[in-house]
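*Asks:*
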Amino acid sequence: MKVIIIIVAALLFGQNVFAQFQPNYDESKVPVFTVPDPLKTFKGKKVRNPKQWVKKARPELLEYFTKNVYGEVPGELKIASVDILEQNDNACNGKTKRKQVELTFEKDGQTLRFVILLYLPKNVEKAPVFLGYNFYGNHTVSEDVDVIISEAWARDNESFGIINNQLTEQSRGVQTDQWAVGQILDAGFGLATIYYCEIDADKDDFTDGIHPFFYVDDQDRPAASEWGSIAAWAWGLSRAMDYLETDSDIDASKVVVFGHSRLGKTAIWAGAADQRFAAVISNNSGCGGAALSKRKFGETVGRINTSFPHWFCRNFREFNFNEEALPVDQHELLALIAPRPLYVASAEEDRWADPRGEFLSAFYASPVYKLFGKKGIPTSEMPDVNQPIQNTVAYHIRTGGHDVTAYDWQQYIKWAKEQLK
Ligand code: GTR
Numbered sequence: 014m015k016v017i018i019i020i021v022a023a024l025l026f027g028q029n030v031f032a033q034f035q036p037n038y039d040e041s042k043v044p045v046f047t048v049p050d051p052l053k054t055f056k057g058k059k060v061r062n063p064k065q066w067v068k069k070a071r072p073e074l075l076e077y078f079t080k081n082v083y084g085e086v087p088g089e090l091k092i093a094s095v096d097i098l099e100q101n102d103n104a105c106n107g108k109t110k111r112k113q114v115e116l117t118f119e120k121d122g123q124t125l126r127f128v129i130l131l132y133l134p135k136n137v138e139k140a141p142v143f144l145g146y147n148f149y150g151n152h153t154v155s156e157d158v159d160v161i162i163s164e165a166w167a168r169d170n171e172s173f174g175i176i177n178n179q180l181t182e183q184s185r186g187v188q189t190d191q192w193a194v195g196q197i198l199d200a201g202f203g204l205a206t207i208y209y210c211e212i213d214a215d216k217d218d219f220t221d222g223i224h225p226f227f228y229v230d231d232q233d234r235p236a237a238s239e240w241g242s243i244a245a246w247a248w249g250l251s252r253a254m255d256y257l258e259t260d261s262d263i264d265a266s267k268v269v270v271f272g273h274s275r276l277g278k279t280a281i282w283a284g285a286a287d288q289r290f291a292a293v294i295s296n297n298s299g300c301g302g303a304a305l306s307k308r309k310f311g312e313t314v315g316r317i318n319t320s321f322p323h324w325f326c327r328n329f330r331e332f333n334f335n336e337e338a339l340p341v342d343q344h345e346l347l348a349l350i351a352p353r354p355l356y357v358a359s360a361e362e363d364r365w366a367d368p369r370g371e372f373l374s375a376f377y378a379s380p381v382y383k384l385f386g387k388k389g390i391p392t393s394e395m396p397d398v399n400q401p402i403q404n405t406v407a408y409h410i411r412t413g414g415h416d417v418t419a420y421d422w423q424q425y426i427k428w429a430k431e432q433l434k
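Taking this note's numbering, the leading residue of the sequence shown gets 14, the next gets one more, and so forth.
Given below as structure tokens:
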């Protein structure tokens with residue numbers, strides 16, 4: 014009886030929280046809070062030089078984010094086999110080299126496969142690449158008829174012809190506007206993209222995807238400090254990196270990890286956890302991404318953990334509607350990328366992602382870049398719309414809504430060219 018009452022109460026309470034959540038969009042109602050100093054250790058010791066950062070402050074912050082926000086990867090799993098499913102040096106009417114590379118993972122009778130779609134510039138011997146997940150399958154990023162359609166689970170989307178969780182021909186090219194493939198190739202970069210649900214379907218279910226590979230006995234979900242879906246997707250990006258390091262057409266020292274929205278959160282975590290990524294781009298990543306949690310502007314920790322209970326590790330729920338208790342904030346996640354180049358981008362109408370919180374986060378991460386002699390965001394004053402600041406830490410807020418646009422890519426390409434020179 015007692016158990017039933019508790020369950021009913023929990024359900025009611027959970028629903029209430031959900032129904033009653035009113036995002037704050039009023040700057041005057043943003044709570045006053047102290048921003049944790051990234052250049053102070055948890056014990057309050059001042060970090061004075063890069064060595065102290067690398068030896069002490071960075072590892073303890075990384076550990077904190079690992080165990081309390083995104084979750085630990087429970088073990089190691091190497092690529093079992095690499096298969097080039099398709100390759101054409103004159104793809105898309107001779108405009109690009111294309112490869113579709115399948116990575117296979119095996120453990121205890123379980124198998125997982127994902128496909129990296131690679132477009133490479135023809136005139137570059139070892140190309141720098143942008144690596145990023147797509148939301149609806151590799152075949153959506155361009156009109157290219159030869160891109161293989163994934164059979165992995167997909168969120169239904171009537172306008173894209175996705176029904177019964179299956180991707181179809183109807184969605185070919187539907188995300189072309191979010192992926193400036195032509196611009197990227199013209200600038201001498203390659204693009205590597207993967208359908209994120211091939212690593213773990215984006216739903217609150219830990220019996221599929223990569224998570225079960227590490228279960229012991231009758232375990233059916235990760236432990237409270239273990240990985241949610243974002244960390245699983247980030248793991249996938251690192252395995253893609255393992256492959257890129259072996260591909261002689263690619264300059265693996267110049268892989269820029271990119272992501273939009275939930276996949277922007279993923280790109281940041283991948284870049285923080287794996288220092289092989291040369292640079293990181295967060296496009297409108299918002300709560301649990303670049304935005305400061307303690308501002309509670311737009312989406313909040315409690316809201317995100319309620320609507321997407323599988324994204325973060327369960328320990329993160331301790332801070333639901335309780336951001337003041339967080340000993341860290343997201344600027345310290347961004348600082349984990351230092352001294353590598355970092356671009357944070359917002360959109361004016363994307364208030365749910367808290368543009369100002371994303372900007373301030375980049376600003377508050379900047380002292381760590383300064384420690385390394387790198388230029389971050391020099392002022393706490395936000396730039397005007399469409400007026401990018403492009404230092405080692407870069408930021409822009411463009412006009413428009415939650416999206417990736419040609420304007421965003423123009424900035425990323427220009428900045429990446431300069432930074433990776
Ligand atoms: C929203 C979510 C955001 C963001 C976005 C997206 O529903 O609240 O945190 O990740 O989805 O991924 O498009």
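Just so you know, even glycine gets a beta-carbon here, dropped at the ideal spot from N, CA and C.
Only a predicted model underlies this, so the values are computations on that prediction, with no experimental measurement involved.
Return yes when at least one heavy atom of the ligand GTR lies under 8 Å from the C-beta of Ala366, else no.
*Replies:* yes
*Asks:* Whole angstroms is fine: what's the gap from Pro380's alpha carbon to Trp66's?
*Replies:* 11 Å
*Asks:* Apart from the five residues just before and just after Ile19, which ones in its own chain have a Cβ nearer than 8 Å to its Cβ?
*Replies:* Annotation note: pLDDT 46 at Ile19 (below 50); position unreliable, coordinate value reported separately. Nothing meets the Cβ criterion.
*Asks:* Have a look at Val158 and Arg185 and give me their C-alpha separation to the nearest angstrom.
*Replies:* CA-CA distance, Val158 to Arg185, rounds to 8 Å.
*Asks:* In the structure shown, what three-state DSSP assignment does Ser94 receive?
*Replies:* Shown here, Ser94 sits in a strand according to DSSP, grouped into three states.
*Asks:* Measuring CB atoms only, is the stretch 347-366 touching the stretch 285-295, in the sense that at least three cross pairs come out at less than 8 Å?
*Replies:* yes
*Asks:* Does the ligand GTR have even one heavy atom less than 8 Å from the beta-carbon of Arg275?
*Replies:* yes
*Asks:* Among residues of its own chain, excluding the 5 on either side of Gly84, which ones have a beta-carbon nearer than 6 Å to its beta-carbon?
*Replies:* Glu239, Trp240, Gly241, Ala244, Cys326
*Asks:* Between the Cα of Asp80 and the Cα atoms of Arg369, Asn328, Asp363, Asp342, which residue gives the shortest distance?
*Replies:* Rather than Asp, the amino acid found at residue 80 in this sequence is Lys. Nearest C-alpha to Lys80: Asn328.
*Asks:* Within the present structure, is the beta-carbon of Cys300 separated from the nearest heavy atom of the ligand GTR by less than 8 Å?
*Replies:* Indeed, a heavy atom of the ligand GTR lies less than 8 Å from the Cβ.
*Asks:* Using only the heavy atoms of the ligand GTR, determine whether one of them is closer than 8 Å to the beta carbon of Ile207.
*Replies:* It does not: the Cβ of Ile207 is nowhere closer than 8 Å to a heavy atom of the ligand GTR.
*Asks:* Taking the C-alpha atoms as reference points, what is the distance between Pro44 and Pro340?
*Replies:* 16 Å
*Asks:* Are there three or more Cβ pairs, one per stretch, closer than 8 Å when the stretch 129-140 is compared with the stretch 201-213?
*Replies:* yes
*Asks:* Alpha carbons only, please: which of Lys267, Tyr209, Phe385, Tyr146 is nearest the one belonging to Lys430?
*Replies:* Lys267
*Asks:* Using three-state DSSP, classify Ala193 as helix, strand or coil.
*Replies:* Looking at Ala193 - three-state DSSP - the assignment turns out to be coil, as it is neither helix nor strand.
*Asks:* So, do the stretch 244-261 and the stretch 279-290 have three or more beta carbon pairs nearer to each other than 8 Å?
*Replies:* When Cβ pairs closer than 8 Å are counted between the two stretches, the stretch 244-261 is seen to touch the stretch 279-290, the count reaching three or more.
*Asks:* Kindly list the residues whose CB is nearer than 6 Å to the CB of Pro51, restricted to its own chain and excluding five residues on each side of it in sequence; keep chain order.
*Replies:* Glu345, Ala348, Val381
*Asks:* Given that a residue counts as buried once 16 or more other Cβ atoms are within 10 Å of its Cβ, and exposed if not, what is Glu89?
*Replies:* exposed
*Asks:* Rounded to a whole number of angstroms, what is the C-alpha to C-alpha distance between Val16 and Trp428?
*Replies:* Note on Val16: pLDDT 47, under 50, position unreliable in the model; the coordinate value appears next. Their Cα atoms are separated by approximately 56 Å.
*Asks:* Roughly how many angstroms lie between the CA atoms of Glu361 and Val229, to the nearest whole one?
*Replies:* 46 Å
*Asks:* Per the DSSP calculation, Leu131 is bridged to which residue(s)?
*Replies:* Note: Leu131 sits in a beta bridge opposite Lys112, Ala205.
*Asks:* Roughly how many angstroms lie between the CA atoms of Ser155 and Val187, to the nearest whole one?
*Replies:* Across the structure, Ser155 and Val187 are spaced so that their CA atoms are roughly 8 Å apart.
*Asks:* Considering only residues of the same chain and omitting the five flanking positions on each side of Tyr38, which have a CB-CB separation below 8 Å?
*Replies:* Phe310, Gly311, Arg364
*Asks:* Can you tell me whether DSSP reads Thr313 as helix, strand or coil?
*Replies:* coil
*Asks:* When burial is assigned at 16 or more other CB atoms within 10 Å of the CB, is Ala93 buried or exposed?
*Replies:* Ala93 sits exposed, since fewer than 16 C-beta atoms from the chains shown fall within 10 Å of its C-beta.
*Asks:* If you draw a straight line from the C-alpha of Asp231 to the C-alpha of Asp215, how long is it?
*Replies:* 23 Å
*Asks:* Going by CA-CA distance only, name the one from Trp192, Tyr146, Asp190 that's closest to Asp213.
*Replies:* Tyr146
*Asks:* Which stretch, first to last residue, makes up the beta strand (DSSP E) that contains Arg11?
*Replies:* Outside the displayed span of the chain (14 to 434) sits residue 11, for which this structure offers no information.
*Asks:* Classify Glu164: buried if its beta carbon has 16 or more other beta carbons within 10 angstroms, exposed otherwise.
*Replies:* Result: exposed.
*Asks:* Contact check, Ala366 vs Gly299 under 8 Å by CB: the rounded distance?
*Replies:* For a cut-off of 8 Å, the C-beta gap from Ala366 to Gly299 is around 3 Å, short enough to register as a contact.
*Asks:* For Phe13, is the beta carbon positioned less than 8 Å from some heavy atom of the ligand GTR?
*Replies:* As shown, the chain starts at 14 and ends at 434. That puts residue 13 outside it, with no answer to give.
*Asks:* Taking DSSP as the reference, what is the three-state secondary structure of Ala22?
*Replies:* Below a pLDDT of 50, predicted positions are generally treated as unreliable, and Ala22, at 49, falls in that range; the measurement from the model is reported next regardless. Helix at Ala22.
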